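Colleague: Order-wise, the sequence lines are chains A and B. The opening residue of the first sequence carries number 1 in the numbering used here; numbering runs sequentially from there. The opening residue of the second sequence carries number 1001 in the numbering used here; numbering runs sequentially from there. Built from N, CA and C at the ideal position, the CB exists for glycine as well. None of the values given here were measured: they were computed from a predicted structure.
There are 2 protein chains.
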Amino acid sequence: MPKPKTDKSDTKRTRQPDVTRRNILDAALVEFAAKGLSGARVDEIAARSGSNKRMIYEYFGNKDGLWLTVLERAYERMREEEHAIDVARMSPVEGMRYLMEFNFKFCSRNPEFIALLNAENLHKASFLKNSKKIRELYTPLLVVITDLLQRGQREGVFRKNVDPVELYTTIAALGFFYFSNIHTLSTIFGRNLLSPKQQKVRLDHSIAVVLGYLRP
Amino acid sequence: MPKPKTDKSDTKRTRQPDVTRRNILDAALVEFAAKGLSGARVDEIAARSGSNKRMIYEYFGNKDGLWLTVLERAYERMREEEHAIDVARMSPVEGMRYLMEFNFKFCSRNPEFIALLNAENLHKASFLKNSKKIRELYTPLLVVITDLLQRGQREGVFRKNVDPVELYTTIAALGFFYFSNIHTLSTIFGRNLLSPKQQKVRLDHSIAVVLGYLRP
DNA sequence: GAATTTCGTAACTGGTCAGTTACTTCTCCG
DNA sequence: CGGAGAAGTAACTGACCAGTTACGAAATTC
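(1) In chain order, which alpha helix (DSSP H) runs of at least 4 residues are fully inside the segment 113-160 of chain A?
(2) By alpha-carbon positions, which one of 90/A, 79/A, 150/A and 185/A ends up nearest to residue 133/A?
(3) Please go through the same chain and pick out, in chain order, the residues whose beta-carbon is closer than 8 Å to the beta-carbon of residue 127/A, but skip the five residues on each side of it.
(4) Within 8 Å, do at least three Cβ pairs link the segment 32-44 of chain A to the segment 108-118 of chain A?
(5) Which ranges does the alpha helix (DSSP H) cover as unbroken runs of at least 4 residues, wholly within the segment 18-81 of chain A, from first to last along the chain?
(6) Please tell me whether residue 1059/B and residue 212/A are closer than 8 Å, where the distance is taken between their beta carbons.
(7) Is there a Cβ of chain A sitting closer than 8 Å to that of residue 1166/B, yes or no?
(8) Rounded to a whole number of angstroms, what is the C-alpha to C-alpha distance between residue 74/A and residue 190/A?
(9) In whole angstroms, give me the CA-to-CA distance for residue 122/A and residue 1156/B.
(10) Relative to the alpha-carbon of residue 135/A, which residue among 1026/B, 1185/B and 1136/B has its alpha-carbon at the smallest distance?
(11) State the DSSP-derived secondary structure class of residue 191/A, mapped to helix, strand or coil.
(12) Counting only C-beta atoms, is residue 1208/B closer than 8 Å to chain A at any point?
(13) Quick one: using the 10 Å Cβ neighbour count with 16 as the cut-off for buried, is residue 11/A buried or exposed?
(14) Could you tell me whether the segment 1168-1183 of chain B touches the segment 163-183 of chain A, where touching means 3 or more Cβ pairs closer than 8 Å?
(15) Given a cut-off of 8 Å, decide if residue 27/A and residue 48/A are closer than it, judged by their beta-carbon atoms.
(16) Among 1168/B, 1023/B and 1199/B, whose alpha-carbon lies nearest the alpha-carbon of residue 206/A?
(17) Using a Cβ-Cβ cut-off of 6 Å (strictly less than) and excluding sequence neighbours within five positions of residue 1036/B, which residues of its own chain qualify?
(18) Determine the direct distance from the alpha carbon of residue 1203/B to that of residue 1101/B, and round the result to whole angstroms.
(19) My output table needs one value for residue 163/A: the three-state DSSP class, helix, strand or coil.
(20) Looking only at C-alpha atoms, which of 163/A, 104/A, 99/A and 125/A sits nearest to residue 196/A?
(21) For a quick check, are the C-beta atoms of residue 1082/B and residue 1149/B less than 8 Å apart?
(22) Can the beta-carbon of residue 159/A be found closer than 8 Å to that of residue 216/A?
(23) Measure the Cβ-Cβ separation of residue 170/A and residue 143/A and say whether it is below 8 Å.
Rendered as structure tokens:
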């Protein structure tokens, strides 16, 4: 037995500070999203990350620092995905439809993002307000919407005098709210709103609302 | 001095279990809304209520029991306010406009309700699901919307084939989301969305979206 | 007005948890 | 190699907190 190196799984055991860092952030995202800031347990995050408490405090200072980093990272990810959107070649109506679908499905496949935002709003966005990165994350979706609106108005397929920020908020609301409140809504309506079928119904309706509104 | 009765403020000091109960619930609403379930402190609730811990455990069993009661009470209040709505004499368009305004302003003036619902959704509505009262609280707003839709369709001022549940969800979303995410949105947009001016802009836009969609 | 029940107070208990520390083990680099 | 420093471990600390208890004070009832 010259070099057993490690008893653990056969992952290579070289130094990878950035991998460890990422593992911690991944674990923290899950834990924070499931239990909120005060409900989350640092020990649990350490265990789940495969790393340990000491590293968490080494990299992130304290629980709050970890929270802020997780939050910023979640926004960054969303921004990255949004950047990949290209509706320049689509017709305004087509583009708007695509945009709403993207937003809706993003919410559907990122429930942790929803939970994180809700928790941050509970704290009156006090962490986000102190973030240095926050100014960069003005969402690109807004730019795309503005462009679509202008083209649609020029072509006469959209009504005039639509404020892009308001429309953006409306689109965000139509996606976000459904998933944010999906458990209480499911309980009250006695339906499982998480089912793909119900999700499709909801998305179709949302698109119909916005496109119906945008008619000249 | 025949009967000084109490050294405290001149509130009467007779036995009033229901008043004490209500005071506790009021205090709990504030604390829970501000800090969530796990963040809230029972000691703080006891202090704020003017009563004490012992009474809390006497009336509500434990922290979770208190949470559920607070939640049910919040829903009941909403239902009561909704019951007072009477749009029977309004035109469909007028009625719909009034309904959206009511919903929006209810969210505006009940931020604790918003916070409570978000916290409950974080817990996957596990408390609400176990509530015996839950079946009663199918919101009356839904009935009113159904009626308005039918009348509007008969009169030819609303489009056909609108699902009342979907429209209800949309209206709820347009009010709820804005206030639920008001802190992160304010931070990202760099505006104070809590200001009455911004609120009016938002409400007007929301109404325009729904009425615009409903056009035949 | 005594007995009984309700209400209030404050100290206590047992457990939890964020953050620290002392110490060991591994990895990297010259 | 071998030394320096990074990564890992686990025990520890001190604060906090949900829930309990023991006891006293007040109020209702008969």
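Modeller: On the basis of the coordinates in this document:
(1) 126-129 and 140-154
(2) For this step, residue 133/A is matched to residue 133 along the first sequence. If we check each option's Cα against that of residue 133/A, 79/A comes out closest.
(3) Here residue 127/A is taken as the residue at index 127 of the first sequence, counted from 1. Closer than 8 Å at the Cβ level, and outside the excluded window around residue 127/A, lie 64, 67, 68, 71 and 120.
(4) yes
(5) 42-49 and 53-60
(6) As a position in the second sequence, residue 1059/B is number 59, starting the count at 1. As a position in the first sequence, residue 212/A is number 212, starting the count at 1. No, they are not a contact pair.
(7) Here residue 1166/B refers to the residue found at position 166 of the second sequence. So yes, residue 1166/B belongs to the interface.
(8) As a working mapping, residue 74/A is identified with position 74 in the first sequence. As a working mapping, residue 190/A is identified with position 190 in the first sequence. The alpha-carbon atoms of residue 74/A and residue 190/A are separated by roughly 32 Å.
(9) In the first sequence, residue 122/A corresponds to position 122, counting from 1. In the second sequence, residue 1156/B corresponds to position 156, counting from 1. Taking the straight line joining both Cα atoms gives about 43 Å.
(10) Residue 135/A sits at position 135 when you count from the first residue of the first sequence. Comparing Cα-Cα distances from residue 135/A to each of 1026/B, 1185/B and 1136/B, the minimum goes to 1185/B.
(11) If you number the first sequence from 1, residue 191/A lands on position 191. Residue 191/A: coil per DSSP, three-state reduction.
(12) As a first step, residue 1208/B must be located in the second sequence, where it is residue number 208. Yes, its Cβ sits closer than 8 Å to a Cβ of chain A.
(13) Taking the first sequence and counting its residues from 1, one reaches residue 11/A at position 11. Bear in mind that a pLDDT of 37 at residue 11/A, under 50, signals an unreliable position, so the number given afterwards is only what the model happens to contain. That one is exposed.
(14) yes
(15) Position 48 of the first sequence holds residue 48/A. Position 27 of the first sequence holds residue 27/A. Yes.
(16) Within the first sequence, the letter at position 206 stands for residue 206/A. Residue 1168/B is the option with its Cα nearest to residue 206/A.
(17) Walking along the second sequence from the start, residue 1036/B turns up at place 36. Within the same chain, residue 1036/B has close Cβ partners 1119.
(18) Working through the second sequence from its first residue, we reach residue 1101/B at position 101. Working through the second sequence from its first residue, we reach residue 1203/B at position 203. Roughly 7 Å between the two C-alpha positions.
(19) Against the first sequence, residue 163/A aligns to sequence position 163. Residue state, collapsed to three classes: coil.
(20) For the purposes of this step, residue 196/A is taken as residue 196 along the first sequence, with counting starting at 1. That would be 104/A, whose Cα lies nearest to the Cα of residue 196/A.
(21) Here residue 1082/B corresponds to residue number 82 of the second sequence, with the count starting at 1. Here residue 1149/B corresponds to residue number 149 of the second sequence, with the count starting at 1. In this structure, residue 1149/B does not lie closer than 8 Å to residue 1082/B by Cβ.
(22) The sequence position of residue 159/A within the first sequence is 159, counting from 1. The sequence position of residue 216/A within the first sequence is 216, counting from 1. Yes, they are a contact pair.
(23) Translated into positions along the first sequence, residue 170/A becomes position 170. Translated into positions along the first sequence, residue 143/A becomes position 143. Not a contact, by the Cβ cut-off of 8 Å.
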